[in-house]
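Visitor: If you read the sequence shown in numbering that gives the first Met the number 0, its first letter stands for residue 0, the second for the next number, and so on. Got a structure for you, written out below as structure tokens; questions coming shortly.
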Amino acid sequence: MSQTESQILNTFLVSPSSLQETVTLNTFVSFFPASKRSHPDIPILYRSLQAQRSALCQMVRKNIQLECKLGMQSMKVMDVEANVLEEKKEEMQEFTMKSLALPEMLKQMEEAVEKMQKEIEQLGKGCDDLLKNMKTMVSEMNDFQYGKGSLDRSETTMDGLRELIETCEELLKTCENV
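What follows is the structure, given as structure tokens:
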């Protein structure tokens, strides 16, 4: 994810989201019946909501940073995969172009097996890292699923959670196949 995407996400998800910017204490007090507006627990409740909202915003900032980091990593992985694919294509062309003696062919096959084993190990590590990051994101997003998160339950948030769950399931299937 580029810096611009990070700025956009922060601007729309975090910047205007502090409780003081959306609801002042006086406005919050006006939500209560007139007979209860002078109750001493109302400011305490407001501060508690402020703290919860602040923690939620901090979690969103952290998730944006994590997503930016994961986005950059996935771009690098895609570049590496493209290079590996090109190398394999070249190797295949070289292999099919010439006829080799049996000992030389066995040596090349052993080298190919070693390369494949290294690639499988790298894929396994990559899957493990992705799975770890996804589990972290899912555990942080549990508050949304159980209603402890933001008071605003927009469809966008729910769609994002559904997409995250689908991605996790696909990742698990991929890791199991490796």
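Idealized CB from N, CA, C, for every residue including glycine.
Roughly how far, in whole angstroms, is the beta-carbon of M133 from the beta-carbon of L170, given that I think they are within contact range, below 8 Å?
Guide: So it is a contact: roughly 6 Å between Cβ atoms.
Visitor: Could you round the C-beta distance between R60 and N9 to whole angstroms and report it? I think they count as a contact, below 8 Å.
Guide: Correct: roughly 7 Å between the Cβ atoms.
Visitor: Hey, how far is the Cα of I41 from the Cα of C56?
Guide: Cα-Cα distance, rounded: 22 Å.
Visitor: Going by beta carbon distance, what residues of the same chain come within less than 6 Å of Y45, once the five residues before and after it are set aside?
Guide: The answer, listed in chain order, is L24 and F27.
Visitor: Between which two residues does the alpha helix (DSSP H) carrying F27 extend?
Guide: Residues L24 to S29.
Visitor: What's the gap between the Cα of E175 and the Cα of Q72?
Guide: Going from the Cα of E175 to the Cα of Q72 covers about 21 Å.
Visitor: Exposed or buried, which one is I7 when buried takes at least 16 other CB atoms within 10 Å?
Guide: With fewer than 16 Cβ atoms within 10 Å of its Cβ, I7 is classed as exposed.
Visitor: Rounded to whole angstroms, what's the CA-CA distance from L12 to M77? Just pull it up for me.
Guide: In a straight line, the C-alpha of L12 is about 28 Å away from that of M77.
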